[in-house]
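Take a look at the structure set out below.
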Amino acid sequence: MKYFNSFIKGGVLLAMLMLMSNFALAQRTVKGSVVDAENGEALIGATVAVVGTTRGASTDIDGNFSVDVPSGSDQLRITYTGYEEQVITLDASNVVRVQLKPGNVLEEVVVVGYGSVRKTDATGAVTSVTDEDFNQGVIASPEQLIQGRAAGVQITSSSGEPGAGINIRIRGTSSVRSGNNPLFVVDGIPLSGDATTGGGIDAGFGSSASRNPLNFINPNDIASIDILKDASATAIYGSRGANGVVIITTKSGQAGRGTLGYDYSLGISQISKRYDLLGPQEFLDAYAAFNGAQAAANIDGGAQTDWQDEAFRTAYTQTHNLSFGGGDGKGNYRFSIGYQNQEGIVVESAMKRLTARFNGTRKFIDDRLTLGTQVTIANTHDDNSPISDNAGFEGDFLGAVLKSNPTQPVMVADPVTGEMIFNQISQSEPNPMAYIGLSKDFTDALRMLSNVSAELKLLDGLSFKTVLGFDQSMSSRKSALSRDLFFGSTFNKGRLYLNDIAVNNRLWENYFTYNKGFGNANLTALLGYSYQNFNYSTKSFEMTNFGTSDLDLMINNLASANQATGQNSIVGRNSSSATDELQSYFGRVNLSFSDRYLVTATLRADGSTRFGGDNKYGYFPSVAFKWRLIEESFVPDLFYDLGLRLGYGITGNQEIPHNLYDRRQRYNDWDITNEGNITGGGLGDVAFANPGLKWESTSQLNVGLDFAFASGRVSGSLDFYNKNTNDLLIQVYSAQPASQPFVWRNLDADVINQGVELSLNLAAVDNDNFDWNVLTNFAYNKNEVRNFGGLINTGQIHGQGLSGAFAERIAEGQPLFAFFVREFGGYDDNGVSIYPNGDVQQFTGASPLPKLNLGLTNNFRMNNLDLSIFFSGQFGHYVYNNTANAFFTAGALANGRNVTTDVPTSGESNLNAPDVSTRFLEKADFVRLQNVSLGYTVPMKGNSSISSLRFFVTGQNLAVFTNYSGQDPEVNVNKPINNDPNGVPSFGIDYTAYPRARTFAIGGSVTF
Amino acid sequence: MNTKNLIKVLSVSLFSIFLFSACTDLVPEENDSIVVSGDASGGGDLGDPADLLVSSYKDLDFFINQDRVYSLYDHTSDEMIPPTRGVDWGDNGVWRTLHQHTWDATHAYVLETWNGLNQRAFKCNQLLAANPSPAQAAEAKFLRAFFMYHVMDLFGQVPFREFDQGVDENPQVLSRSAAFDFIEKDLTEALPDLPNTGPAADNSGATQAAANALLARMYLNKAVYKSDRPEGPYTFSADDMNKVIAYCDAVTSAGYSLESDYFTNFGTDAATEIIFTSIQGTPESRFRMTLHYDQNPGGWNGFTTLADFYNKFEANDTRIGNYPTPDGTDFSGVGRGFLVGQQYKDDGDILINSRNGQPLEYTADVKLSGATTFEGIRVVKYHPENMGKYILLRYADVYLMKAEAIMRGGTASESALDMVNNLRTLRGASSLGSLDEATMLDERGRELYWEGIRRIDQVRFGTFDDTWSDKTVTEGFRVLFPIPQVALDSNPNLVQNAGY
């Protein structure tokens, strides 16, 4: 109700805004045209802004514009992409003709939250990536567009699965929770960090992580992605800025004539690297070496099966995008519809997405009122594969693929009917193809993100904007396991899981902006209020005792489960609904003097329902300075641009579960256990209540230098930062007796991230018919935990004989998630592991956090051909190969499981216990040829109805240079202890992750 | 009013709306949980005592898992060994260190047991604060005593947090002696309000018999719990032994008696011995943890008994078990008691070990490390064909406690030897000529093997620091487990037990 009231207030406010807009000030109308200075051609869609006001216009199809200039204003700033900016001073005439010179240095604009600034005026560390520099090919979600492209931004998919979850770390890892991703802001709407689709549920296979919540955005709709990295930039988002802010701006219609565009691409993917497993005869020989020839003959199934051939496929991805848009000086619109059908390289896995988007703005009442809306609707269908993060020794699907006996056939004839059925010889050695063939698991999600905004110019330089945002999603995951699957209590009973999540988030924001020049000083001020309301509800069911093995019938005809009394067939596992609110006041002042000294000061006060009592509000200030040295006479002419930035600020983090401060009781989940028993339903405390919880805060100091030489042909930025996170929100062990084993606390410790970032752009060759541009980014980060008295273990290791094993520990003086394992010293004469430092776990100096991230792009253009080659790399870190630990050991081979070819000759005894040690800890340095794209733009005659036509071929993940023995070194399967979703996450552990693909795509785009 | 003024007025109004648009006090409405608002003064709502009691009973399934509390009681004793079989059951040494008595304060199951038992005891505090009826309060006190008893027994000190002490308060710590008194008080206070009901296969509620049985165990071990030196030697007083006898007699008078067929106790037809079971869960893990992968039901091929323990039985002792009678029905290939030698399928065919292609024959000898898949004698008390509820207190234990109390100086109408021989005759074993500590401990082992009590008996009889197969450590201080390191870090009132 409270929240409804706020919308009523909003309505009243809007009505008032409409009314008052009829009043106008004294002004004159200036008309003119904008042309190319070299060839005199009209420039369509150039921006004409009245300096010192928020007024402006765009040029039409003939390059003409008309703009209202208030009295007191006498300057127009004309900008156009690819041309140098020009400011003209108006005389008495009301007609002007502007000639713009093509420029090398684009007048780039960066989005900074509640507004945008010229890049040269940005006081904070902000990286902007626009669509020209986006990664190409098969792109499932927005962050893949910028993977490797921005210094200090490390993006790791948890696996190669279509739509897999992501980890984005901006300037290192500072928080120790799953809520470690940056804040995403889409067209001004901050998204909540909650998962919008259900994770996979355990039926003895283990559980899997949720999908990427950003999948609902069609990457083709994105115009630019801006990454706010330092505190002075992110503080405007206060509480949620500590891990950085990623601002996604979608495409809007271009002023000028209407355009109609269509893109198509076809991607072809294959697994980039297979495991080198033993063939059937090699397997039997190696097995015989341990167990004798008779035993080998007994396990010889007589077939020749390459399980990897069975499991992996050539996958096709088709993408269609259709858009049309247009606009004029009064507004613009763009509508797009996109369809992507991405097959995964694991059989049966896929993601299908249909998206529709409308963006529109329109000015009314002498351009004083601007109404705008952005709406996107996405329907996503995921076909999930039975791959989990934490399967036991039986293995999930991929584990079973790796370890299955290569002499066993996939199918055998049913002894009774003669029908071909899956060959399922044992529960502990399941047939992976039976997992696939006898299960069905899919998620349907519908998400709508929309906003409506109204901006009103009140007085000269003062405007008011109100924004209503809606983010709603519904997802339903359905997962059926057939009674024919010879596995645990599924056998002869079947199992069905239903898991729904509904998210309903609303936003109402109001803010004033004020812009005024005073002599050679300029002031821009922002003052705002924001209210967000987040509702998250779930429900899940579990059923068994199915008579039918028809998976569709199980899912769509629930009555096929025998639910008679006493059958223990159905449990309503649980449901939940929680609402959180965030109420914020924010302000920002930008001052510039002589275009030389710039100051930005920001303050945001955030109040959150995540904290109780007096701790609800957190205050997050920042201040930043920029000295545009280039304006100083002492700077040598060699420089084309030179600016020094200094910023400091405090940001916060509130990503903890709902209401941990009141003592609350709930009935806990019911479950049908793997043995088929029903347990659960006890009433108990939700959490060990902690009324003292307060905001986690991160203070960050940033020093940066922006530079350009040689007429702008060499440009770049260099940044140094020091980030200190304290009052870390984390789960620690309760002092027993307590209602829960863990309690959320603000940890009395510091997590320090220190680093250097360099981005460097070089226009190596710049001729009429040949360009060569080199773009590099480099980021070094050092992470350390200080002033911490406790110990926190994480990184659970799974597999046979590995219960309770873990590989990472958080402790004083170590980087977060430092590996904590035995030192492995080879095998003794009996083939048993030697641990020279004792059979104890210890820090080895290895960290899963890369010290160095590199990106290198070479762009070539020759006449109408363009070629882009992009390498990315990470260095200085390790990956724990849990896959090898669980599956590739002599003991596994001796138990009749397939292994990699190095195992039989490793010298390991079949009786050796492969405990967690450096044996499975591997250097993960890599360089990846991530993207090569060749395009051809067909030259068009001026009078053609086709305005542009382009074809391209792209290769993604073409080569990986690494010594890592696993499938891919860029991997992160989250493995908290006991799979607790709120537990301390792990980093850099590989456990049967969905493999990565190499993809080739061909496609074209046409614009009319 | 001219335009300029109007704009001014509007601007001011907008600012005002803006400033007063603070529309929430940031107090969330809870729709999916009950906010418990009560305090120590008795005001407010502290939760539904009936539902909390149901929940506390469900908490007893903590004793069923093969790891945690059960592993601390049985793997550390001479009746069970957790062999590491190649890649199987290495588990980061978590089992091996228990058998070898080399655990330390970071042992995972030591921590999980500490957390699990204390958490469950705390829920009883919350329940007792929530205005329970006298009957509910009695049950809550019994349950609290049951959980705290195990903390006292395993760790030698018991932390205590009042229901209203928040996260920033460090729980007080009761010494072992003070904890004994606390638990004893809970039980004696609870007794009059508990139902006085007799045996039943699914006896899963607190009864007078259950409280009396636990009190008997408390007093039988009182010399241990009150000793200044946890590792002994212990001095058993006649007064305490007479109390044991009185509590045991109280159980008997509630209608309990020895079951004539030993394995009936572990099935759904159990009639005379079952005092207290866990309402939640089934004893399924007990046979899974020992059976081979290829048996039906498929097991995890884990724990076995030791040859020396198996050799304590006479051939005619029915407790040693019986060979299966495979008749084609599900699970008929699996025997009861000790599984030795060749194993069979349900249809009577011999079972082939799929790991090595040879017939599956269990051997008596078993190594702790580097064992093969067929080493070690398996133990099945709860049979998959017909398993009852998981037993937490059984009458045979009470019966033997009385005999032991008499042996240790208590006064009763029967002699300890007659009682033991009476039991042995019922179980098909020959009568003993005399009784001493060693034979009494052996008899308890034969009757109560793998029921999660062996460690208590070995400590009381002073054999916990002896050596046995693959166990050479003889450190007396190991009669107590260490306080987990994270617990020490979380509560400065705790002091690490001597020796760790």
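If you read the protein sequences in the order shown, they are chains Z and G.
Using the working numbering, you'd call the opening residue of the first sequence number 1 and step up by one each time.
Using the working numbering, you'd call the opening residue of the second sequence number 1 and step up by one each time.
Ideal placement from N, C-alpha and C gives every residue a C-beta, glycine not left out.
Treat the numbers as computed from the prediction; the structure is a model and nothing was measured.
Can you name, in chain order, every residue of its own chain whose Cβ lies under 7 Å from the Cβ of residue 174 of chain Z, other than the five neighbours on each side?
What you label residue 174 of chain Z is simply residue 174 of the first sequence in a count that begins at 1. Once the five neighbours on either side are set aside, the close Cβ partners of residue 174 of chain Z are 242, 243, 698, 723, 725, 751, 753.
Between which two residues does the beta strand (DSSP E) holding residue 761 of chain Z run?
One-based indexing of the first sequence puts residue 761 of chain Z at position 761. Looking at the DSSP string, the run of the beta strand (DSSP E) that includes residue 761 of chain Z is 742 to 766.
Going by C-alpha distance, which of G:311, G:337, G:152, G:255 is nearest residue 395 of chain G?
Here residue 395 of chain G refers to the residue found at position 395 when the second sequence is read from its first residue. G:255 is the residue among G:311, G:337, G:152, G:255 whose C-alpha sits nearest the C-alpha of residue 395 of chain G.
Just the C-alpha distance for residue 862 of chain Z and residue 764 of chain Z, rounded to the nearest angstrom, thanks.
Residue mapping note: residue 862 of chain Z aligns to position 862 of the first sequence, counting from 1. Residue mapping note: residue 764 of chain Z aligns to position 764 of the first sequence, counting from 1. If I take the Cα positions, the gap works out to 13 Å.
For a cutoff of 8 Å on Cβ pairs, would you count residue 503 of chain G as touching chain Z?
One cannot answer for residue 503 of chain G here, as it falls past the ends of chain G, which runs 1 to 500.
Does the segment 375 to 389 of chain G come into contact with the segment 314 to 330 of chain Z, if we say contact requires no fewer than three beta-carbon pairs (one atom in each stretch) closer than 8 Å?
no
Can you name, in chain order, every residue of its own chain whose Cβ lies under 6 Å from the Cβ of residue 263 of chain G, other than the five neighbours on each side?
In the second sequence, the residue the question calls residue 263 of chain G occupies position 263. Once the five neighbours on either side are set aside, the close Cβ partners of residue 263 of chain G are 336.
Would you list the one or two residues that DSSP bridges to residue 381 of chain Z?
The residue given as residue 381 of chain Z occupies position 381 in the first sequence. DSSP lists Z:352, Z:444 as partners of residue 381 of chain Z.
Could you run through the segment 402 to 427 of chain G and flag, in chain order, every residue whose CB is less than 7 Å away from some CB of chain Z?
none
Within 8 Å of any Cβ in chain G, is that where the Cβ of residue 299 of chain Z sits?
Taking the first sequence and counting its residues from 1, the one referred to as residue 299 of chain Z is at position 299. Yes, because at least one Cβ of chain G sits closer than 8 Å to the Cβ of residue 299 of chain Z.
Taking Cβ to Cβ, would you say residue 245 of chain Z is nearer than 8 Å to residue 113 of chain Z?
Within the first sequence, residue 245 of chain Z is the residue found at index 245, counting from 1. Within the first sequence, residue 113 of chain Z is the residue found at index 113, counting from 1. Taking 8 Å as the cut-off, the beta carbon of residue 245 of chain Z is found closer than this to the beta carbon of residue 113 of chain Z.
Look up residue 120 of chain Z in the DSSP assignment and say whether it is helix, strand or coil.
Here residue 120 of chain Z refers to the residue found at position 120 when the first sequence is read from its first residue. Here residue 120 of chain Z sits in helix by DSSP.
In chain Z, which residues lie with their C-beta within 7 Å of the C-beta of residue 31 of chain G?
For the purposes of this step, residue 31 of chain G is taken as residue 31 along the second sequence, with counting starting at 1. Simply 577.
If you count every other CB in all the chains shown that lies within 10 Å of the CB of residue 487 of chain Z, and 16 or more means buried, which is it?
In the first sequence, the residue the question calls residue 487 of chain Z occupies position 487. With a threshold of 16 other beta carbon atoms within 10 Å, residue 487 of chain Z meets it and is buried.
So which residues of chain G does residue 291 of chain Z contact, with C-beta pairs closer than 9 Å?
In the first sequence, counting from the first residue as 1, residue 291 of chain Z sits at position 291. Neighbours of residue 291 of chain Z on chain G, chain order: 355, 356, 357, 358.
Report yes if the C-beta distance between residue 120 of chain G and residue 59 of chain G is below 8 Å; otherwise report no.
Translated into the one-based positions of the second sequence, residue 120 of chain G becomes position 120. Translated into the one-based positions of the second sequence, residue 59 of chain G becomes position 59. Yes, the Cβ-Cβ distance between residue 120 of chain G and residue 59 of chain G is below 8 Å.
Along the segment 415 to 436 of chain Z, what residues have a CB closer than 9 Å to any CB found in chain G?
425, 426, 427, 428, 429
Suppose only complete runs of 3+ residues qualify. What are the beta strand (DSSP E) ranges in the segment 431 to 481 of chain Z, listed by chain order?
439 to 459, 462 to 481
Within 8 Å (strictly less), CB to CB, does residue 161 of chain G reach chain Z?
The residue you call residue 161 of chain G lines up with position 161 of the second sequence. Interface residue, yes.
From residue 276 of chain G to residue 209 of chain G, what does the alpha carbon distance come to, in whole angstroms?
Counting from 1 along the second sequence, the entry for residue 276 of chain G is found at position 276. Counting from 1 along the second sequence, the entry for residue 209 of chain G is found at position 209. Their backbone Cα atoms lie some 9 Å apart in a straight line.
Check whether the Cβ atoms of residue 379 of chain Z and residue 462 of chain Z sit closer than 8 Å, and answer yes or no.
On the first sequence, position 379 is the one that residue 379 of chain Z refers to. On the first sequence, position 462 is the one that residue 462 of chain Z refers to. No.
In whole angstroms, what is the alpha-carbon distance linking residue 191 of chain Z and residue 576 of chain Z?
Here the question's residue 191 of chain Z lines up with position 191 in the first sequence. Here the question's residue 576 of chain Z lines up with position 576 in the first sequence. When rounded, the separation of the alpha-carbon atoms in residue 191 of chain Z and residue 576 of chain Z is 21 Å.
Name, please, each residue of chain Z whose Cβ falls closer than 8 Å to the Cβ of residue 309 of chain G.
Translated into positions along the second sequence, residue 309 of chain G becomes position 309. Against chain Z, the beta carbon of residue 309 of chain G has no neighbour under 8 Å; the closest one sits roughly 24 Å away.
Taking only beta-carbon positions, decide if residue 679 of chain Z is within less than 8 Å of chain G.
Residue numbering aside, residue 679 of chain Z sits at position 679 when the first sequence is read from its first letter. Yes, residue 679 of chain Z counts as interfacial toward chain G.
Which residue wins for smallest C-alpha separation from residue 28 of chain G, given the options Z:874, Z:955, Z:662?
The residue labelled residue 28 of chain G in the question sits at position 28 within the second sequence. For residue 28 of chain G, the closest of Z:874, Z:955, Z:662 by C-alpha to C-alpha distance is Z:662.
Run the CB neighbour count on residue 22 of chain Z, radius 10 Å, all protein chains shown included, and call it buried at 16 or more, exposed below.
As a first step, residue 22 of chain Z is located in the first sequence; it is residue number 22 there, counting from the start. Summary for residue 22 of chain Z: the model assigns pLDDT 39, below 50, so the residue's position carries little reliability; its value from the coordinates is reported in the next sentence. When all chains shown are included, residue 22 of chain Z counts as exposed.
Whole angstroms is fine: what's the gap from residue 792 of chain Z's alpha carbon to residue 620 of chain Z's?
In the first sequence, counting from the first residue as 1, residue 792 of chain Z sits at position 792. In the first sequence, counting from the first residue as 1, residue 620 of chain Z sits at position 620. Rounded to the nearest angstrom, the two C-alpha atoms are 29 Å apart.
With distance defined between alpha-carbon atoms, name the residue in Z:941, Z:936, Z:962 nearest to residue 950 of chain Z.
Residue numbering aside, residue 950 of chain Z sits at position 950 when the first sequence is read from its first letter. When each option's Cα is compared against that of residue 950 of chain Z, the closest is Z:936.
With respect to the beta strand (DSSP E) encompassing residue 772 of chain Z, which residues constitute its N-terminal and C-terminal limits?
The count along the first sequence starts at 1 and reaches residue 772 of chain Z at position 772. Per DSSP, the continuous beta strand (DSSP E) segment holding residue 772 of chain Z begins and ends at 770 to 786.
With residue 80 of chain Z as the anchor, note down where its beta strand (DSSP E) starts and where it stops.
If you number the first sequence from 1, residue 80 of chain Z lands on position 80. Neither: residue 80 of chain Z is in no beta strand (DSSP E) and is coded neither H nor E.
Give me the subset of the segment 910 to 921 of chain Z whose CB atoms are less than 8 Å from a CB atom of chain G, sorted by chain position.
910, 911, 912, 913, 914, 915, 916
Please work out which residues of its chain come closer than 6 Å, Cβ to Cβ, to residue 226 of chain G, disregarding the five sequence neighbours upstream and downstream, and give them in chain order.
By one-based count along the second sequence, residue 226 of chain G stands at place 226. Cβ neighbours of residue 226 of chain G beyond the five flanking positions: 177.
Output yes if chain Z places a C-beta closer than 8 Å to the C-beta of residue 486 of chain G; else output no.
Your numbering for residue 486 of chain G matches position 486 in the second sequence. For residue 486 of chain G, the answer is yes, since a Cβ of chain Z falls inside 8 Å of its Cβ.
Under 9 Å between beta-carbons, which chain Z residues line up against residue 302 of chain G? List them in chain order, please.
Walking along the second sequence from the start, residue 302 of chain G turns up at place 302. Under the 9 Å cutoff, chain Z gives no residues; its nearest Cβ is about 10 Å from residue 302 of chain G.
Of all Cβ atoms in chain G, is any one closer than 8 Å to the Cβ of residue 801 of chain Z?
If you number the first sequence from 1, residue 801 of chain Z lands on position 801. Judged by the 8 Å Cβ criterion, residue 801 of chain Z is in contact with chain G.
Report yes or no: do the segment 92 to 108 of chain G and the segment 316 to 332 of chain G share at least 3 C-beta pairs separated by less than 8 Å?
no
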